[in-house]
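Undergrad:
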Amino acid sequence: MVHEQQKILCALRSEQMSLSGLWEFPGGKIEPGETSEQALAREIHEELGCTIEVGDFVVTCTHEYLNVCVQLDTYYAEIIYGTPVAKEHQKLEWVNTDALQKLEWAPADMPTVQTLMKK
Numbered sequence: 001m002v003h004e005q006q007k008i009l010c011a012l013r014s015e016q017m018s019l020s021g022l023w024e025f026p027g028g029k030i031e032p033g034e035t036s037e038q039a040l041a042r043e044i045h046e047e048l049g050c051t052i053e054v055g056d057f058v059v060t061c062t063h064e065y066l067n068v069c070v071q072l073d074t075y076y077a078e079i080i081y082g083t084p085v086a087k088e089h090q091k092l093e094w095v096n097t098d099a100l101q102k103l104e105w106a107p108a109d110m111p112t113v114q115t116l117m118k119k
């Protein structure tokens with residue numbers, strides 16, 4: 001989860017993605033031999049074209065969709081090089097933490113949203 005100036009970077013899933021039209025925190029799947037932190041840095045570089053420094057752990061949550069079970073390990077991250085570009089998503093938005101609940105989130109991301117709202 002990329003944050004900057006008290007805002008969180010949120011990504012709107014594109015029409016080509018499952019759960020299109022729902023918001024999520026940018027990230028992706030861990031490849032064999034990677035840590036969660038390494039996967040996050042790689043995925044942000046691939047999907048958004050910028051380099052991040054992974055920070056503090058936020059929360060781990062698991063969500064079971066009809067055909068797959070996903071585990072999301074969420075971390076704060078800071079952009080250290082580049083500007084995020086929506087290469088795979090419909091659009092990106094910087095959102096204040098207190099406004100996160102106004103977006104329509106992918107179900108797997110809801111526990112992270114709830115955790116952030118409590119902080």
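Its first residue numbered 1, the sequence shown is counted upward by one per residue in UniProt numbering.
The beta-carbon is built from N, C-alpha and C at its ideal position, and this holds for glycine as well.
Is C10 near the ligand NAD - that is, is its Cβ less than 8 angstroms away from at least one heavy atom of it?
TA: As far as ligands go, the structure on display features none, and thus does not contain the ligand NAD.
Undergrad: Exposed or buried, what is P32 when buried is set at 16 or more other beta-carbons lying within 10 Å of its beta-carbon?
TA: P32 is exposed by the Cβ-count criterion.
Undergrad: Along the alpha helix (DSSP H) that carries T115, what are the first and last residues, could you check?
TA: Where T115 is concerned, the enclosing alpha helix (DSSP H) stretches over M110 to K118.
Undergrad: Starting from the Cα of K29, find the closest Cα among E46, V59 and V85 and give me that residue.
TA: Nearest option by C-alpha distance: E46.
Undergrad: Label T74 either buried or exposed according to how many other C-beta atoms from any shown protein chain fall within 10 Å of its C-beta, with 16 as the threshold for buried.
TA: Buried, since its Cβ has 16 or more Cβ neighbours within 10 Å.
Undergrad: Tell me, which residues are paired with C61 by DSSP?
TA: Partner(s): L72.
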